[in-house]
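A.B. asks:
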Amino acid sequence: MPAQTRFDELQQRLACLESEHAIRACMNRYMALCDALGVGSPLDELAALFTVDALWEGRGARYRDSFGGYRGREAIRAMFARYTVEPAHFALNVHFLTSELIRVRGHVADASWVMLQASSFASGASHLNSARLTVAFALEEGEWRIAHFQTENLFSRPVDHWNSDAHLPVPTQDAQ
Numbered sequence: 002m003p004a005q006t007r008f009d010e011l012q013q014r015l016a017c018l019e020s021e022h023a024i025r026a027c028m029n030r031y032m033a034l035c036d037a038l039g040v041g042s043p044l045d046e047l048a049a050l051f052t053v054d055a056l057w058e059g060r061g062a063r064y065r066d067s068f069g070g071y072r073g074r075e076a077i078r079a080m081f082a083r084y085t086v087e088p089a090h091f092a093l094n095v096h097f098l099t100s101e102l103i104r105v106r107g108h109v110a111d112a113s114w115v116m117l118q119a120s121s122f123a124s125g126a127s128h129l130n131s132a133r134l135t136v137a138f139a140l141e142e143g144e145w146r147i148a149h150f151q152t153e154n155l156f157s158r159p160v161d162h163w164n165s166d167a168h169l170p171v172p173t174q175d176a177q
């Protein structure tokens with residue numbers, strides 16, 4: 002194989018890895034902003050993670066009925082604005098992502114994650130949800146942005162509370 006061909010292949014592989022990193026960073030920032038939704042949330046920054054004509058949608062009966070769908074960056078921003086009320090909708094909100102798969106194809110990419118979300122609400126209720134996220138990304142104005150965000154519930158259940166002052170059961174030093 003000629004040196005130039007090998008060099009070109011290495012450049013393509015590097016570009017793919019850099020794209021995957023940028024996509025991962027975009028999704029990480031999205032989740033961090035969702036974790037902290039409340040009065041004063043930087044909604045312009047959150048909206049800028051999406052392409053101008055992006056689609057955000059809940060899939061499956063539970064999430065389609067609960068969340069619906071929103072087309073366009075401004076509609077998505079308005080949807081998130083509903084969570085920035087006083088008192089804050091979320092007293093605690095934490096998203097965990099796993100089972101990541103990112104496939105870059107030039108200026109577009111498909112990705113998926115399994116998400117676990119632990120939430121407590123201003124009402125005092127708490128919920129544990131898991132969802133499959135299927136996300137299409139596009140390179141827009143030199144930035145990887147979310148072009149199509151789909152979330153589909155895997156399970157959802159209320160919980161009594163997250164934290165307890167109860168003794169943490171750990172082995173003692175005498176057990177060695």
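Each residue of the sequence shown is one higher than the one before, counting from 2 in our numbering.
Every residue gets a Cβ at the ideal spot worked out from N, C-alpha and C, and that includes glycine.
1) What are the start and end residues of each continuous beta strand (DSSP E) run of 3 or more residues lying completely inside the segment 87-111, in chain order?
2) Suppose you measure from the CA of residue 74 to the CA of residue 135; what does that come to, to the nearest Å?
3) Our contact map puts residue 92 next to residue 123 with C-beta atoms below 8 Å; I'd like the distance itself, whole angstroms only.
4) Since residue 153 contacts residue 119 with CB under 8 Å, what's their CB separation in whole angstroms?
5) So, for residue 67: in the same chain, excluding its five sequence neighbours on each side, which residues have a beta-carbon less than 7 Å away from its beta-carbon?
6) Can you name the start and end residues of the alpha helix (DSSP H) that residue 45 belongs to?
7) What distance in whole Å lies between the Cβ atoms of residue 24 and residue 55, which are believed to be in contact at a cut-off of 8 Å?
8) Secondary structure at residue 137, three-state DSSP: helix, strand or coil?
9) Are residue 137 and residue 149 closer than 8 Å when you measure CB to CB?
C.D. replies: Reading it off the structure:
1) Those beta strand (DSSP E) runs which fall completely within the segment 87-111 and span 3+ residues are 91-106.
2) The count along the sequence shown starts at 1 and reaches residue 74 at position 73. The count along the sequence shown starts at 1 and reaches residue 135 at position 134. Looking at the two C-alpha atoms, the distance is approximately 18 Å.
3) Here the question's residue 92 lines up with position 91 in the sequence shown. Here the question's residue 123 lines up with position 122 in the sequence shown. Residue 92 to residue 123, Cβ: 6 Å. Contact.
4) Here residue 153 corresponds to residue number 152 of the sequence shown, with the count starting at 1. Here residue 119 corresponds to residue number 118 of the sequence shown, with the count starting at 1. So it is not a contact: roughly 18 Å between Cβ atoms.
5) Counting from 1 along the sequence shown, the entry for residue 67 is found at position 66. Excluding residues within five positions, the ones whose Cβ falls inside 7 Å are 59.
6) Start at 1 with the first residue of the sequence shown, and residue 45 comes out as number 44. Taken as a continuous stretch (DSSP letters only), the alpha helix (DSSP H) holding residue 45 covers 44-48.
7) Counting from one through the sequence shown, the residue named residue 55 turns up at place 54. Counting from one through the sequence shown, the residue named residue 24 turns up at place 23. That pair is no contact at about 14 Å.
8) Position 136 of the sequence shown holds residue 137. Correct three-state label for residue 137: strand.
9) Looking up residue 137 in the sequence shown gives position 136. Looking up residue 149 in the sequence shown gives position 148. Yes, the Cβ-Cβ distance between residue 137 and residue 149 is below 8 Å.
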